[in-house]
Amino acid sequence: MKSVSSKVEVFVRIRPTAHFAQNLIEYPPDGQTVNIHNRKDPRNLALNNQPSSWSFQLDGVLHHVSQEEVYARVGRRAVLGALEGYNGTVMCFGQTGAGKTYTMTGSTESYKQRGIIPRALQEVFQQVEKRCEYTFSVHLSYLEIYNETLVDLLSSPRGSSDPPARGMVVMEEPGRGVFIRGLTLHPVHSEGEALNLLFEGEMNRIIGAHALNKNSSRSHCIFTVHIESRSRTLSDAKYVTSKLNLVDLAGSERLGKTGSAGQGLKEAMYINKSLSFLEQAILALADRRRDHVPFRQTKLTYALKDALGGNCNTVLVANIYGEAAQIEETLSTLRFGSRMKRVQTHPTVNEHIDPAAQIKKLEKEVQMLKEELSIYHGLAVRPSNVYEPLSDAQVAEIQSQIISIRQLQEVFAQFKLAVEEQAAKVKAQLCQTYNLVEKKQNARSAGVKADSTDSMVETEDGAGVQRHAGPGKSKAKKYRDAITARQGKKQGAGSPVTVMPVASASRPKQVRIQTPEREQEAQEPDIQSQDTQESPPPSKEPATTDAPPPKAEAFEAFKVGQGGELNHILKENKAVLLERHARLRQLTEEVNTAKRKIDRTTAAIERYKDKRARQGQFVSAKGEPVLGEPEISLVPHLRELKAQYRQRYEALRSTTAEVNYCQHLVDQCRVRLLNEFESWYKETFRVPEEVLNVPKPEDPVQPGIGALHKSIAQAEEDQELFERLQCERLGDSPRAISFYNARQRTQKRRNSRRLSLTPV
Ligand code: ADP
Ligand code: MG
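Structure follows, in structure tokens:
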């Protein structure tokens, strides 16, 4: 993990005033020093007992500096660090009214005067848009600590009577650091959403202050941006998280000294306690000899533990008045700032491992290793009597070729082809039996001519590759031949079909049909209607274009070009299937007719029997029943009919098997044609996977979507134009619109809240 040691950065911001105490407060041109000179005011005894001048070294002095510059110098580094996975904290400390809230939140009325928090949110979402190689998830929380009570400023909207959110506890876990259990984290996807929440929290802070009769500057507020990012390009299980704390501390003046009473005294007690413990913690942190830092003494120091001296880029703004009257508090603020500057921090990228993704990755690895093992195992234990022993040269050849897992996988794929070869042989024999056109198809697709020692191997990209299957040829030779033939075809050496570029040999060859079943069906009638002989064949390698042609169109071209032979075979097989179907229908008819005749004849014989029974049965000398003339001719006729029936029935059965088989061939052929088309289409037009799968808005199969997309886009454009015009009118950048929208929405909510809070 990347870890860098750095110090807390400290800036001083002087609130602008018409009565700037030039004699007391001096900041030389180096921009990093503030000198305080005491004029020995006899009324100020406390200062009289101290040295007359102090010099404070800081990282920057901000006087008459715009909000934009303050953000650029104070906030931006922490924000950008947070996007990289470093925790960041920007904290304002100082006397009430010195400008802490102005620095942190700024004015909610003016875009130009917005403070560090809205600017940080803007920067976060601008960066999220820019860094498209990462996916970001951003959550916000807003915590208030008032009189040692934790308040969630973004819990469900609160009215005056609602009790403060309960059950929140500051906790610490190894690997997770300090966090607040029970504090709600709100997912946000845009600057606008984030500003809504910020203003919502501000409003809750103000309402809470009124409802509980508290002074809003008597509480500490921690606005936190929780960021998680994952790489889109690296499919590893790692991801980074960070917390950006934007802290507006309570006024640092010692109220106890001013003799506060009641609620004010209680507040002063808590603030004094938390701020003095904050100072103690800072002192301990700055002192390297101290190994214990009293973080847990107050909620504030515990909640800020990571932000103060740990894994964090920490920046402090010491807000001071420029007037002579506040010089005592100014001195104390500057002292706090210079102590803080000595504190060492150790920001580290918060890297995590996603257990689910890690398991998936390991499973993949195990699967790969298993495959590898099975290949080695297969090579080691193959019975030697199946193939001729390999010559040393052949073994060396294999060894020289197999240098990677991918190649081993390819060899494995070739083994699979050998199995398919056997299946094809059986099919070829069946075809001979049933007199189908399988022979031709074999040449193109299944891979074997049953009556030849030469065979065709179909590679998974659909190209037929000639090879020798003679007993003397080793598998390695066949593999080499296949590769050579493939390369030969790539160069267009009289091949009947186009093969994929040779580079594809090193890729996994498995080609899957991307076309949905319904699309295949929709294309099917075209397969039948196409006349392959009359149409001009398209060029073998259509030029690669940016926009691939519609699939239906390309398929038509494919059927008369590269897929012509296969399409022809498909048509022939279909013709045979049709012929067999017709024969099946005829045989079914004949079987049914024979059955009806048998039934009729049997019924007639039965009727004669009944008649005989009613009239009295004549019996021969041997005791056998004597039959009448018509019956004598009916019995052999029935026998003949039954024989006919059996014969037709047998023919029907075998024709049914033929039809089924033909159907299977037709299906296989059709799938292969579509498979090859898909591969060809993908290769020829270099279409990325997602383009193949995602229907385009103007796709005719989804007529409504195109129009919908258009109208949404139009509406968005109109809205953008409207917003731009508004911003131009207001003289702000177009980005200001999120700010004003959020403010307007919060204003509306505030008004409606006011209405509901007003007693009737
Ligand atoms: P704090 O939060 O420290 O109590 P505020 O930020 O609320 O103080 O500031 C008190 C007042 O002073 C506010 O009205 C604020 O607008 C104004 N103010 C403070 N700092 C500046 C500044 N740098 N420029 C302009 N106005 C300021
Ligand atoms: Mg304030």
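Taken in order, the sequence shown gives residues 809 to 1568; the numbers are from this note's numbering.
All C-beta atoms in this analysis are idealised placements derived from N, C-alpha and C, irrespective of residue type, glycine included.
Query: A906 Cβ short of 7 Å to ligand 1 heavy atom set; Result: yes
Query: Through-space distance from G1118 to L1091, alpha-carbon basis; Result: 14 Å
Query: Reference L961; option with closest CA among K1417, A1231, S915, N1004; Result: N1004
Query: Classification of R823 by the beta-carbon crowding that lies within 10 angstroms, buried from 16 upward; Result: buried
Query: Meets three-Cβ-pair contact criterion under 8 Å: the segment 864–882 and the segment 815–822; Result: yes
Query: The segment 877–885 touching the segment 1159–1168, judged by at least three CB pairs closer than 8 Å; Result: no
Query: DSSP bridge partner residues for E1137 (one or two, in chain order); Result: Paired residues: none, contrary to the question.
Query: Cβ-Cβ distance between L1481 and L1378 below 8 Å; Result: yes
Query: Cut-off 7 Å between Cβ atoms - residues of its own chain near D1114, not counting five sequence neighbours on either side; Result: N895, G985, V986, C1120
Query: Y910 beta carbon near ligand 1 (any heavy atom closer than 7 Å); Result: yes
Query: Any non-hydrogen atom of ligand 1 within 7 Å of P1356 CB; Result: no
Query: E1387 to S1182 span [Cα, whole Å]; Result: 46 Å
Query: Distance between beta carbons of Y1047 and H1160, contact taken as under 8 Å; Result: 6 Å
Query: Touching by the beta-carbon criterion (3+ pairs, under 8 Å), the segment 994–1014 and the segment 900–907; Result: no
Query: Distance cut-off 7 Å: P1056 Cβ against heavy atoms of ligand 2; Result: It should be noted that the sequence gives Asp, not Pro, for residue 1056. D1056 Cβ: within cutoff of ligand 2.
Query: beta-carbon R1551 near ligand 1 non-hydrogen atom, thresh 7 Å; Result: no
Query: The beta strand (DSSP E) enclosing D804, as first and last residue numbers; Result: A question about residue 804 goes unanswered here, because the residues of the chain that appear run from 809 up to 1568.
Query: Proximity test, G1009 beta-carbon vs ligand 1 heavy atom, cut-off 7 Å; Result: no
Query: Residue(s) in a DSSP beta bridge with G985; Result: E981
Query: Local conformation of D1044 per DSSP, three classes; Result: coil
Query: Option nearest S814 by Cα separation, candidates M1011, A1094, N1012; Result: A1094
Query: Option nearest R1040 by Cα separation, candidates E1010, C940, E834; Result: C940
Query: Reference R1393; option with closest CA among H1376, K1382, R1456; Result: R1456
Query: Selection from R922, T1049, E1373, V1123 that minimises the alpha carbon distance to Y1162; Result: According to the sequence shown, residue 1162 is Asp rather than Tyr. D1162 has its Cα closest to that of T1049, out of R922, T1049, E1373, V1123.
Query: 8 Å contact criterion, which L1449 and I1413 should meet: CB distance rounded; Result: With a Cβ gap of about 11 Å, L1449 and I1413 do not count as contacting.
Query: Terminal residues of the alpha helix (DSSP H) in which M976 lies; Result: Where M976 is concerned, there is no enclosing alpha helix (DSSP H), given that its DSSP letter is neither H nor E.
Query: Buried versus exposed call for K1367 [16 or more other C-beta atoms within 10 Å across all chains shown]; Result: buried
Query: Member of T913, Q934, E877, E917 whose CA lies at the smallest distance from the CA of I1569; Result: Since the first residue of the chain shown is 809 and the last is 1568, residue 1569 is not available in this structure.
Query: Coarse secondary structure for P1444, derived from DSSP in three states; Result: helix
Query: Nearest neighbour of Q800, chosen from F1085, A1126, R1098 [CA to CA]; Result: In the structure as shown, the chain begins at 809 and stops at 1568. Residue 800 is therefore absent and cannot be evaluated.
Query: Secondary structure of Y910, DSSP reduced to three states; Result: helix
Query: Proximity test, R1013 beta-carbon vs ligand 1 heavy atom, cut-off 7 Å; Result: no
Query: Assumed close pair E1026, E952 - CB separation to whole angstroms, cut-off 8 Å; Result: First, the amino acid is wrong: residue 1026 is Arg here, not Glu. Wrong, their Cβ atoms sit about 10 Å apart, outside the cutoff.
Query: Any non-hydrogen atom of ligand 1 within 7 Å of P926 CB; Result: no
Query: Outcome for G893 when other beta-carbon atoms lying within 10 angstroms are tallied against a minimum of 16; Result: buried
Query: Any non-hydrogen atom of ligand 1 closer than 7 Å to P837 Cβ; Result: no
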